[in-house]
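Chemist: In order, the protein sequence lines correspond to chains A and B.
Going by the working numbering, the first sequence opens with residue 1, and the numbers climb by one from there.
Going by the working numbering, the second sequence opens with residue 163, and the numbers climb by one from there.
Sharing a structure below in structure tokens format, with a few things to ask.
Protein chains: 2
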Amino acid sequence: MILKSQVEWALHCCAILAGLPEGRYLSTKALAELHGLPKEYLSKALQNLSQASLVETTLGPSGGYRLAKTPSDINFLEIVEAVEGKARSFTCTNIRANNPCRPEGYCDSKPCAVARIMWEADEAWRDTLRRVRLSDLVGTLSEEVPADIWRSTFEWVLKRAG
Amino acid sequence: MILKSQVEWALHCCAILAGLPEGRYLSTKALAELHGLPKEYLSKALQNLSQASLVETTLGPSGGYRLAKTPSDINFLEIVEAVEGKARSFTCTNIRANNPCRPEGYCDSKPCAVARIMWEADEAWRDTLRRVRLSDLVGTLSEEVPADIWRSTFEWVLKRAG
DNA sequence: CTGTTTTCGGATATAATATGTCCTTAATTC
DNA sequence: GAATTAAGGACATATTATATCCGAAAACAG
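Below you can see the structure in the form of structure tokens.
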């Protein structure tokens, strides 16, 4: 049960987009070069963010991506689900129903007890991600990354945005 | 990020094994037929449980599997990790290190902030599973499954255990 | 208007993993 | 000795993740 690498890429890209000056866009090319990622494939992750209305896009030179909402209005779960999908990690195939001792057409009132427990754990995972806002990540980064590196990173990336 | 179907199989098999009379074993064949699963493939899941010391085995006719511990001494996480592995769902490839504005050989004191958040969510998932004991599942099942179905299921399955 | 740059989506190819089957070996029971 | 079992290796197939390529439409600069 491993998350797609696109999840990691999307989170890092959102962290960069959160620090963009007002009105500026970053292209797939710039984000890919900054992180050393395949441009065409990263593009799929960014398209997922766009479909989830987490980022806005514009075409042409100096076009690209920017956040569609304030970093404090975006949480981790939204980003993760945008690229990973909303499906639960545990899928119940209802194998209890194969039990030959069950009456024909026997219908349980509740979903399978095993599934309920696995789904509860899944919810705990989602709750944790839901509670972390993109602005929290930005805050942590600005504490931990030396200010000059952080600043020059944006100069570097904006130079590539035309 | 989907768990293997073997996880579901292992959990249901453990629930059955938890209700076995003292000293009895259940074969792969019996467990496979009860749940309508491919015998050879289910066998791989049961081998994982055995390697994790969650079940004991014996060979020959009337051989098979039984729990190695009391149901209250086995939690869900042990079972899930036995077949799914202990690896975290999020793997950090440290793409921040590609940033061309970072000094050569720049070494962060802490692991990536993104990874720390994702790992925290992973821990929340594991904590939930760790807190649920196999005996809890058995308790729920004995409440929700009609007693006669539950009883005849064990008669059915033990008949196939020779 | 023309050429360049961009996102977007479809099509395709490759690699990795999950799923499933088959077979041999050794242990156990009868 | 014959039947039955778990263990595990080898193999085949299906599904998914990863990656690349291309064409269309939009935006912009000259």
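Where a beta carbon is used, it is the ideal one built from N, C-alpha and C, also for glycine.
If you're wondering where the values come from, they're calculated on a predicted model, not measured in any experiment.
Does A:Ser135 get closer than 9 Å to chain B when you measure Cβ to Cβ?
Modeler: As a position in the first sequence, residue 135 of chain A is number 135, starting the count at 1. By this cut-off, A:Ser135 is not an interface position.
Chemist: Who are the near neighbours of A:Leu158 in its chain, counting only those whose CB is closer than 7 Å to its CB and skipping five residues on each side?
Modeler: As a working note, residue 158 of chain A is residue 158 in the first sequence. So the list reads Arg24, once near-sequence residues are dropped.
Chemist: For the 8 Å Cβ check, are there 3 or more pairs between the region 141-159 of chain A and the region 303-319 of chain B?
Modeler: no
Chemist: Can you pull the chain B neighbours of A:Thr186, defined as C-beta to C-beta under 7 Å?
Modeler: The question about residue 186 of chain A has no answer, for chain A in this structure spans 1 to 162.
Chemist: Who are the neighbours of B:Pro262 on chain A, taking C-beta pairs under 7 Å?
Modeler: Taking the first residue of the second sequence as position 1, residue 262 of chain B is located at position 100. Chain A residues near B:Pro262: Trp156.
Chemist: Nearest to B:Lys339 by CA position, among B:Leu193, B:Pro200, B:Leu299, B:Leu291, is which residue?
Modeler: As displayed, chain B neither begins before 163 nor continues past 324, which places residue 339 of chain B out of reach and without an answer.
Chemist: Less than 8 Å between the CB atoms is what I'm expecting for B:Asn260 and A:Gly36, so what's the real figure, rounded?
Modeler: Position 98 of the second sequence, counted from the start, is the residue given in the question as residue 260 of chain B. Position 36 of the first sequence, counted from the start, is the residue given in the question as residue 36 of chain A. Rounded, the Cβ-Cβ distance is 3 Å, consistent with contact.
Chemist: Looking at A:Leu11 and A:Tyr65, is the spacing between their C-beta atoms short of 9 Å?
Modeler: For the purposes of this step, residue 65 of chain A is taken as the residue at position 65 of the first sequence. For the purposes of this step, residue 11 of chain A is taken as the residue at position 11 of the first sequence. No, they are not a contact pair.
Chemist: Using a Cβ-Cβ distance cut-off of 9 Å, determine whether B:Gly267 contacts chain A.
Modeler: The residue labelled residue 267 of chain B in the question sits at position 105 within the second sequence. With 9 Å as the cut-off, B:Gly267 does not count as an interface residue toward chain A.
Chemist: Beta-carbon separation of A:Val7 and A:Ile74 under 9 Å?
Modeler: Here residue 7 of chain A is taken as the residue at index 7 of the first sequence, counted from 1. Here residue 74 of chain A is taken as the residue at index 74 of the first sequence, counted from 1. Cβ atoms of A:Val7 and A:Ile74: not closer than 9 Å.
Chemist: Considering only the alpha carbon of each residue, which of A:Glu33, A:Pro61, A:Thr28 lies closest to A:Ala45?
Modeler: Here residue 45 of chain A refers to the residue found at position 45 of the first sequence. Considering only alpha carbons, the answer is A:Thr28.
Chemist: For the alpha helix (DSSP H) holding B:Thr315, just list the boundary residues, first then last.
Modeler: The residue labelled residue 315 of chain B in the question sits at position 153 within the second sequence. That run of the alpha helix (DSSP H) goes 309-321.
Chemist: Going by other Cβ atoms of all chains shown within 10 Å of its Cβ, with 16 needed for buried, is B:Asp310 buried or exposed?
Modeler: Along the second sequence, one-based indexing puts residue 310 of chain B at 148. Exposed, because fewer than 16 other Cβ atoms sit within 10 Å of the Cβ of B:Asp310.
Chemist: In chain order, what residues of the same chain have a beta carbon less than 7 Å from the beta carbon of A:Trp119, not counting five sequence neighbours either side?
Modeler: Locating residue 119 of chain A in the first sequence gives position 119, where the first residue counts as 1. For A:Trp119, where only same-chain residues beyond five positions count, the Cβ hits under 7 Å are Arg88, Phe90.
Chemist: Would you list the one or two residues that DSSP bridges to A:Asn75?
Modeler: The count along the first sequence starts at 1 and reaches residue 75 of chain A at position 75. Bridge partners of A:Asn75: A:Arg133.
Chemist: Against B:Thr290, what residues of chain A qualify as contacts under a CB-to-CB distance less than 7 Å, listed in chain order?
Modeler: Start at 1 with the first residue of the second sequence, and residue 290 of chain B comes out as number 128. Neighbours of B:Thr290 on chain A, chain order: Glu120, Ala121, Ala124.
Chemist: Using a Cβ cut-off of 9 Å, which residues of the region 170-198 of chain B contact any Cβ in chain A, in chain order?
Modeler: Glu170, Trp171, Leu173, His174, Ala177, Glu195, Leu196, His197, Gly198
Chemist: Any beta carbon of chain B sitting closer than 9 Å to that of A:Ser109?
Modeler: Counted from its first residue, the first sequence places residue 109 of chain A at position 109. So yes, A:Ser109 belongs to the interface.
Chemist: Counting only runs that start and end within the region 192-267 of chain B, where is the beta strand (DSSP E) found for 3 or more residues in a row?
Modeler: 217-220, 226-229
Chemist: Do the CB positions of B:Ser234 and B:Arg295 come within less than 9 Å of each other?
Modeler: Within the second sequence, the letter at position 72 stands for residue 234 of chain B. Within the second sequence, the letter at position 133 stands for residue 295 of chain B. Yes, these two residues count as a Cβ contact at 9 Å.
Chemist: Answer with yes or no whether the minimum CB distance from A:Gly54 to chain B is below 9 Å.
Modeler: Here residue 54 of chain A refers to the residue found at position 54 when the first sequence is read from its first residue. Going by the sequence as given, residue 54 of chain A is Leu instead of Gly. Not one chain B Cβ lies under 9 Å of A:Leu54.
Chemist: Any idea which residues DSSP pairs A:Leu26 with across the strands?
Modeler: As a working mapping, residue 26 of chain A is identified with position 26 in the first sequence. Beta-bridge partners of A:Leu26 (DSSP): A:Tyr65.
Chemist: Verify the CB distance criterion: does B:Glu306 have a CB-CB separation below 9 Å to chain A?
Modeler: Counted from its first residue, the second sequence places residue 306 of chain B at position 144. Yes, its Cβ sits closer than 9 Å to a Cβ of chain A.
Chemist: Taking the alpha carbon of B:Pro200 as the point to measure from, which residue in B:Gly222, B:Ala180, B:Val307, B:Trp171 has its own alpha carbon closest?
Modeler: Mapped onto the second sequence, residue 200 of chain B falls at position 38. When only C-alpha atoms are compared, the closest one is B:Trp171.
Chemist: In chain order, what residues of the same chain lie with their CB nearer than 7 Å to the CB of B:Gly181, ignoring the 5 residues before and after it?
Modeler: Locating residue 181 of chain B in the second sequence gives position 19, where the first residue counts as 1. Cβ neighbours of B:Gly181 beyond the five flanking positions: Val300, Phe316.
Chemist: Can you name the start and end residues of the alpha helix (DSSP H) that A:Cys112 belongs to?
Modeler: Translated into the one-based positions of the first sequence, residue 112 of chain A becomes position 112. From DSSP, A:Cys112 is part of no alpha helix (DSSP H); its letter is neither H nor E.
Chemist: Between the beta-carbon of A:Val83 and the beta-carbon of A:Lys4, is there less than 9 Å?
Modeler: As a first step, residue 83 of chain A is located in the first sequence; it is residue number 83 there, counting from the start. As a first step, residue 4 of chain A is located in the first sequence; it is residue number 4 there, counting from the start. If you check the CB distance, A:Val83 and A:Lys4 come in under 9 Å.
Chemist: Against B:Val294, what residues of chain A qualify as contacts under a CB-to-CB distance less than 7 Å, listed in chain order?
Modeler: Position 132 of the second sequence holds residue 294 of chain B. Simply Ile117.
Chemist: DSSP on B:Met163, reduced to helix/strand/coil?
Modeler: Position 1 of the second sequence, counted from the start, is the residue given in the question as residue 163 of chain B. B:Met163 falls in the coil class under three-state DSSP.
Chemist: Checking 9 Å against the spacing of the C-beta atoms, do A:Leu167 and A:Ala161 come in under that value?
Modeler: Any property of residue 167 of chain A remains undetermined from this structure, which presents chain A solely from 1 to 162.
Chemist: In chain A, which residues lie with their C-beta within 8 Å of the C-beta of B:Val276?
Modeler: For the purposes of this step, residue 276 of chain B is identified with residue 114 of the second sequence, where counting begins at 1. Going along chain A in sequence order, the residues near B:Val276 (Cβ under 8 Å) are Glu8, Leu11, His12, Ala15, Leu137.
Chemist: In angstroms with no decimal places, state the Cα-to-Cα distance between A:Arg102 and B:Asp298.
Modeler: Reading the first sequence from its first residue, position 102 is the one you call residue 102 of chain A. Reading the second sequence from its first residue, position 136 is the one you call residue 298 of chain B. Roughly 22 Å between the two C-alpha positions.
Chemist: What's the C-alpha gap between A:Pro146 and B:Asp270?
Modeler: In the first sequence, the residue the question calls residue 146 of chain A occupies position 146. In the second sequence, the residue the question calls residue 270 of chain B occupies position 108. Spanning the two alpha carbons is a distance of roughly 10 Å.
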